[in-house]
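Let me begin by presenting the structure, written as structure tokens, before commenting on it.
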Amino acid sequence: TEALLKSQRELLQAVSHELRTPLARIRFATELVETANTDEVKKTRLESIDKSTQELDILVGELLSYVRLDSEAATQEIEEVQISGLFSDVIELHSPLHPGIKFETKANNKLHIDANRTSLTRAVGNLVSNAGRYAKSQVILSSQQVDGSIVIRVDDDGDGIPETDRDGIFEPFVRLPNSKGKGSGLGLALVKRITSRHGGEVNVLSNEHGGARFEIRIPAAPDQVS
Numbered sequence: 005t006e007a008l009l010k011s012q013r014e015l016l017q018a019v020s021h022e023l024r025t026p027l028a029r030i031r032f033a034t035e036l037v038e039t040a041n042t043d044e045v046k047k048t049r050l051e052s053i054d055k056s057t058q059e060l061d062i063l064v065g066e067l068l069s070y071v072r073l074d075s076e077a078a079t080q081e082i083e084e085v086q087i088s089g090l091f092s093d094v095i096e097l098h099s100p101l102h103p104g105i106k107f108e109t110k111a112n113n114k115l116h117i118d119a120n121r122t123s124l125t126r127a128v129g130n131l132v133s134n135a136g137r138y139a140k141s142q143v144i145l146s147s148q149q150v151d152g153s154i155v156i157r158v159d160d161d162g163d164g165i166p167e168t169d170r171d172g173i174f175e176p177f178v179r180l181p182n183s184k185g186k187g188s189g190l191g192l193a194l195v196k197r198i199t200s201r202h203g204g205e206v207n208v209l210s211n212e213h214g215g216a217r218f219e220i221r222i223p224a225a226p227d228q229v230s
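Below, the structure written as structure tokens:
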């Protein structure tokens with residue numbers, strides 16, 4: 005109980021810090037609008053307010069998703085999720101946002117997981133979104149069965165994540181020094197929570213291209229355990 009309370013306090017402190025930044029920018033830009041001496045300057049400052057508002061909206065949405073996972077865990081619908089179909093859905097959703105990156109799949113068409121489709125799609129989608137942002141030219145999604153678990157891998161050919169930066173990467177609001185784009189700081193934390201809710205785990209490694217490899221391991225469906 006003490007550990008849970010400490011975790012909640014730390015999350016609350018982190019949330020407070022994260023909310024202050026866009027709010028401060030909005031307040032500052034609002035004050036500057038009043039002193040704008042041309043329509044062009046006023047437009048630029050209004051656009052700054054709009055951008056900060058969008059950032060705030062994304063942050064609050066991700067935060068609600070993160071918190072809701074606890075209350076929704078007991079009521080989530082579990083169904084058979086085909087890995088190949090999941091990969092297709094995720095790539096269709098995220099590849100248009102990274103037109104210079106080639107997305108490939110190496111999925112076993114027979115593999116499936118008993119899972120909540122919506123949340124698992126969210127978890128894999130967050131990994132693919134990150135990979136697309138850091139990749140130089142390609143992102144590869146693959147899956148296989150290993151020792152009673154289904155392993156989902158998302159590889160990119162970016163610069164990878166140094167071992168010294170891997171600890172804590174799945175905690176809320178932890179960002180790497182070379183982060184591209186601000187993001188909500190909750191993407192990987194959501195992946196960890198969703199994976200844990202499915203009785204699995206997520207890890208970050210290196211791949212043969214020198215980039216990052218994110219692995220989700222979830223217990224295989226009973227009919228696939230050999």
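By the count of the working numbering, the sequence shown reaches residue 230 at its end, each step adding exactly one.
Yeah, the Cβ is synthetic: ideal placement off N, Cα and C, and Gly gets one too.
Span separating the alpha-carbon of Ser146 from that of Glu81: Looking at the two C-alpha atoms, the distance is approximately 25 angstroms.
Neighbourhood of Ala135 by C-beta, 6 angstroms cutoff - its chain only, sequence neighbours within 5 removed: Within the same chain, and ignoring the five residues on either side of Ala135 in sequence, the residues whose Cβ sits closer than 6 angstroms to its Cβ are Val143, Val158, Asp160.
Other residues of its chain near Ile198: CB distance less than 7 angstroms, five sequence neighbours each side excluded: Only residues of its own chain outside the window of five on either side were considered, and among them Leu73, Ser123, Leu124, Arg126, Ala127 have a CB closer than 7 angstroms to the CB of Ile198, listed in chain order.
Residue from Pro26, Asp118, Asn112, Ala111 with nearest C-alpha to Ala224: The residue with the shortest Cα to Cα distance from Ala224 is Asp118.
Touch test, the segment 148 to 158 against the segment 207 to 227, Cβ-Cβ under 8 angstroms, three pairs minimum: Segment contact: the segment 148 to 158 against the segment 207 to 227, three or more CB-CB distances shorter than 8 angstroms; contact assigned.
Candidates Gln149, Ser141, His213, Gly172, of which the one nearest Gln228 by Cα: Out of Gln149, Ser141, His213, Gly172, Gln149 has the C-alpha closest to the C-alpha of Gln228.
From Pro103, Glu84, Gly204, Glu108, residue whose alpha carbon lies closest to that of Phe91: Ranking the options by Cα distance to Phe91, first place goes to Glu108.
CB contact flag (Tyr138, Gly215, <9 angstroms): It is a contact, given that the beta carbons lie within the stated cut-off.
His98 to Asp54 span [Cα, whole Å]: Going from the Cα of His98 to the Cα of Asp54 covers about 24 angstroms.
Buried/exposed call for Leu131, threshold 16 Cβ in 10 Å: So Leu131 counts as buried.
Environment of Phe218 [buried if 16+ CB atoms lie within 10 Å]: Note on Phe218: 16 or more other CB atoms within 10 angstroms of its CB, so buried under the neighbour-count rule.
Which residues DSSP lists as bridging Lys106, in chain order: The bridge partners DSSP lists for Lys106 are Gln142.
Inter-residue spacing [alpha-carbon to alpha-carbon] between Glu83 and Ala193: Pairing Glu83 with Ala193, the inter-Cα distance amounts to about 23 angstroms.
Where Ala33 falls, given that 16 or more other Cβ within 10 Å makes a residue buried: Answer is buried; the Cβ neighbour count reaches 16.
Rounded C-alpha distance that separates Glu51 from Leu101: One C-alpha to the other measures close to 22 angstroms.
Span separating the alpha-carbon of Leu68 from that of Asp61: The straight-line gap from Cα to Cα measures roughly 11 angstroms.
C-alpha distance - Asn120 paired with Gly204, whole-angstrom precision: A straight line joining the alpha-carbon of Asn120 with that of Gly204 spans about 13 angstroms.
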